Amino acid sequence: MTGGSSGIGEAVAKRFAAEGAKVVIVNRHKEKGEKVLKAIEDNGGTGLALGVDVTSKDSVEEAVKTIKDQFGTIDILYNGAGVHDGYKDALETDEDTFDLLMGVNVKGAYLFTHAVLPIFLDNNSGVIINVGSQGSSMAGVGGSTYVTTKHAIAGFTKQLAYDLGHKGIRANLLSPGFIETPMT
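Just so we're aligned: 16 in my numbering is position 16 of the sequence shown, and the numbers increase by one with no gaps anywhere.
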């Protein structure tokens, strides 16, 4: 799972582990994922923490290979990595910020989905959970670029569900409202 080292993702990682899942926490800062993994292991769970650049195809593909080699397969993909633009409007957002948000929030989900789909197709099953936001259905809950990325994730998820549902692969969008996390 990407974005599993804090906030909503951390809570989801711990819950998945409590339900018996082997949880792989993917984060650009491996040590943050290791802290969550330690808490999971202290409660009897198992997993792995990996440092991965979700915007790099090579980094993502290497991570997926490592996970498959260690655990044999992947059953659930949780795309939760995300960054925020500090509620900047379109005129305040520079191109570097736009590229960062599109890279992490959209391209990261695309790259992980693309890398994991062959495994799901071989298994004739799999679950993709993409983290969106209420920003994908209403204005005023984030900056212009952040909201744009969440619209993209909502559309991506709907199309994945359409394309893959008949192949035993589910795609779901998690669209939380305002939740106090380190990102908010």
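Ideal Cβ placement from N, Cα and C applies to all residues, glycine included.
Keep in mind the model is a prediction, meaning the values are calculated, not measured.
C-beta atoms of residue i and residue j nearer than 8 Å
i, j, result
"Lys150", "Gly135", "yes"
"Pro143", "Thr73", "Note that residue 143 is Gly in the sequence shown here, rather than Pro. Contact flag unset, no."
"Thr2", "Val26", "yes"
"Arg170", "Ile128", "yes"
"Val24", "Leu50", "yes"
"Lys32", "Ser59", "no"
"Arg28", "Val64", "no"
Beta bridge counterpart(s) of residue i as assigned by DSSP
i, result
"Lys22", "Thr46"
"Leu174", "Val131"
Backbone secondary structure at residue i - three-state DSSP
i, result
"Gly108", "helix"
"Tyr146", "helix"
"Asn124", "coil"
"Ala115", "helix"
"Thr2", "strand"
Spatial distance of residue i from residue j (CA atoms)
i, j, result
"Ser56", "Leu111", "8 Å"
"Gly165", "Val116", "15 Å"
"Lys88", "Tyr146", "9 Å"
"Leu101", "Val83", "6 Å"
"Ala21", "Thr66", "17 Å"
Residue i at chain C interface by Cβ criterion, 8 Å
i, result
"Gln159", "Among the chains of the structure shown, chain C does not appear; only one protein chain is present."
Own chain partners of residue i with C-beta closer than 7 Å, once the 5 adjacent residues on each side are dropped
i, result
"Ala109", "Asn79, Asn130, Ile153, Phe156"
Beta-carbon proximity list for residue i, same chain, < 6 Å, skipping 5 on both sides
i, result
"Thr97", "Asp85"
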